[in-house]
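Every letter in the sequence shown is one number past the one before it in our numbering, and letter 139, counting from 1, is 344.
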Amino acid sequence: MLLSVIGTGYLGATHAACLAAIGHEVVGVDVDPAKVARLASGSAPFHEPGLDALVRRGVDSGRLRFTTDSRMAAGADAHFLCVGTPQRAGSDAADLSALDAAVAGLAPHLERRCLVIGKSTVPVGTARRLAERLRTQCPAGDEVALAWNPEFLREGHAVEDSLRPDRLVFGVTDDESDLLLREIYAAALARGVPVVRTDLETAELAKVSANVMLAARVSLVNLLAEVCEAADADVEDLTSILGLDPRIGPRFLAPGIGYGGGCLPKDTRAFVARAHELGVDGPLALLREVDAVNVHQRARTVDLAVRLLGGSVRGRRVGVLGAAFKADSDDVRDSPALDVAARLLDLGADLRLHDPRAMANARRAVPALRTADSVEGACRDADLVLVLTDWAEFRGLDPVSLAGVVRRPVVLDGRLVLDAHKWGAAGWQVRALGRGAR
Ligand code: NAD
């Protein structure tokens, strides 16, 4: 099938490459010429495990093309909308300007029967509005249908999640759209991936609802961690015990410096903003608190760092390990790690940061940041080391050799990735949110 993917960022580039990998002919359209050039040359413009090889294979096969010209999308059987929906400046609501622009750019080229499929995460009600715009603005008019097929991929596992999703949601208004989606995703359906067919509104809500539930879970765990710290209890043991309860389960139960990235924070805020518009107000205090608890972890981390340095970070050497919002990604959007590093810089720390993949993005976001090419470089002569992203590289660090590099062997484990006993035995003072001083 000939498919177009409008917007080739973290979501769209992965989706386009995976559609090509399962045999479709795909044209990816983006307004960013540098990104398009990079993709068209067969390489991914960001770090995502397995994506580079998939893009290369798709481009080499001729089934995967990239362009800035939305006319190239004309003639496709289906068009996936994958543009960004970030937080609007000065508001908690989603900024839908890129989505509106993408639809405005695509509509004049839709001259025959086709399906437009929204994948971006949007406030409920957006799909219905876009469907009406397509109906009035496309030359093919009623022949153009709209469906919503939210994407649940996780950065760091995006290729795997796209090729082997745990569920597919088809928000449709007719059988024909449902059938076309089933044809596009035939490979996943053949493997028995569960599909939920629903209306447009429920499909839109499916994605943001998943994200607010995950955000709430993380903030609840972090609240428990704060109580553990105050009561001198052990949050790791506590979450192990909670995880053994089959109603709770062990995943997404790690305490730390909080969630970040291009989805959970802005989706939680946009959900609240949209629910408020819809007149659902009182219960939203819960989600506002989820956000506040999350942001509070960053301040708590900085406070602990200041305390570990005896009351001031000014002029002190600080080594920060991690800038990405999570492991296996170079994404620093709303990254708690980078935020903590930036706050310590503002307080006058003499800081060096190392991240296996995200240093270029980190420097772009915080130009004053000094980076080091290695863990040792970041930690050399440090009075304090902070581990702020859960990279496997950091989990496996040798505390004995690193103790020989720093000035003071004091580490703040913001992700609970270090083996506290091993590090303690190597002479380190190990502190973490959720763990008392013992
Ligand atoms: P992104 O910023 O990485 O990518 C968005 C892309 O859209 C950019 O390359 C941008 O240049 C392009 N774009 C903007 N306006 C355009 C236009 N008019 N025409 C064509 N391209 C245009 O964002 P992302 O992380 O890929 O997220 C995209 C959407 O997917 C968001 O709604 C996000 O919430 C959702 N989502 C993201 C993830 C994720 O893990 N990143 C997962 C699921 C859903």
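Glycine included, C-beta positions come from ideal geometry on N, C-alpha and C.
Cβ neighbour criterion (16 or more within 10 Å) applied to residue i
i	result
Ala-309	exposed
Ala-222	buried
Ala-528	buried
His-626	exposed
Val-605	exposed
Ala-573	exposed
Glu-348	exposed
Met-564	buried
Pro-455	exposed
Backbone CA spacing between residue i and residue j [nearest angstrom]
i	j	result
Leu-384	Asp-439	52 angstroms
Leu-658	Cys-584	Residue coverage of the chain in this structure runs from 206 to 643, which leaves residue 658 outside it and unanswerable.
Ala-542	Val-401	36 angstroms
Asp-508	Asp-486	33 angstroms
Asp-533	Arg-562	8 angstroms
Gln-342	Arg-503	46 angstroms
Val-537	Gly-467	8 angstroms
Glu-409	Gly-515	49 angstroms
Val-329	Gly-520	49 angstroms
Contacts around residue i, its chain only, beta-carbon distance under 8 angstroms, and the 5 residues preceding and following it disregarded
i	result
Arg-333	Leu-405, Glu-406
Lys-531	Glu-360, Gly-361, Gly-465, Gly-466, Thr-594, Asp-595
Closest by C-alpha distance to residue i, when choosing among the options
i	options	result
Gly-524	Val-500, Val-511, Asp-555, Glu-356	Asp-555
Met-206	Leu-256, Asp-472, Asp-578, Ala-281	Ala-281
Arg-396	Phe-271, Leu-368, Phe-375, Gly-376	Leu-368
Leu-373	Ser-445, Arg-640, Pro-355	Pro-355
Ala-245	Lys-531, Thr-213, Glu-253	Thr-213
Ile-462	Val-423, Arg-276, Asp-437, Thr-219	Val-423
Cys-319	Val-498, Lys-412, Leu-351, Thr-331	Leu-351
Ala-415	Asp-535, Phe-357, Ile-446	Phe-357
Val-327	His-314, Ala-279, Ala-363, Val-288	Val-288
Ala-411	Lys-324, Arg-338, Val-364, Asp-237	Lys-324
Thr-403	Leu-259, Val-377, Ile-389, Ala-490	Val-377
Ala-218	Arg-548, Val-364, Glu-388	Val-364
Pro-344	Val-236, Arg-317, Glu-434	Arg-317
Proximal residues to residue i (C-beta, below 6 angstroms), its chain only, five neighbours per side dropped
i	result
Ala-225	Val-231, Gly-263, Arg-268, Leu-269
Ala-421	Val-495
Ala-637	Asp-618, Leu-621
Beta carbon proximity, residue i to chain C, threshold 8 angstroms
i	result
Ala-438	Of the protein chains in this structure there is only one, and it is not chain C.
Spatial neighbours of residue i in its chain, beta-carbon cut-off 7 angstroms, leaving aside the 5 residues before and after
i	result
Asp-544	Arg-503
Continuous beta strand (DSSP E) assignments of at least 3 residues falling wholly in the segment 316-385: 319-323, 349-353, 373-376
Contiguous alpha helix (DSSP H) assignments of at least 4 residues, all confined to the segment 255-286: 256-266
Contained alpha helix (DSSP H) runs [length at least 4] in the segment 474-510, N- to C-terminal order: none
Length-filtered (4 minimum) alpha helix (DSSP H) runs lying within the segment 397-431: none
Segments assigned alpha helix (DSSP H), at least 4 residues, entirely inside the segment 578-627: 580-584, 597-600, 604-608
Alpha helix (DSSP H) runs contained entirely in the segment 523-582, provided each spans 4 or more residues: 541-551, 564-570
Alpha helix (DSSP H) runs wholly inside the segment 429-464, at least 4 long, in chain order: 440-448
Whole alpha helix (DSSP H) elements within the segment 226-255, 4-residue minimum: 238-245
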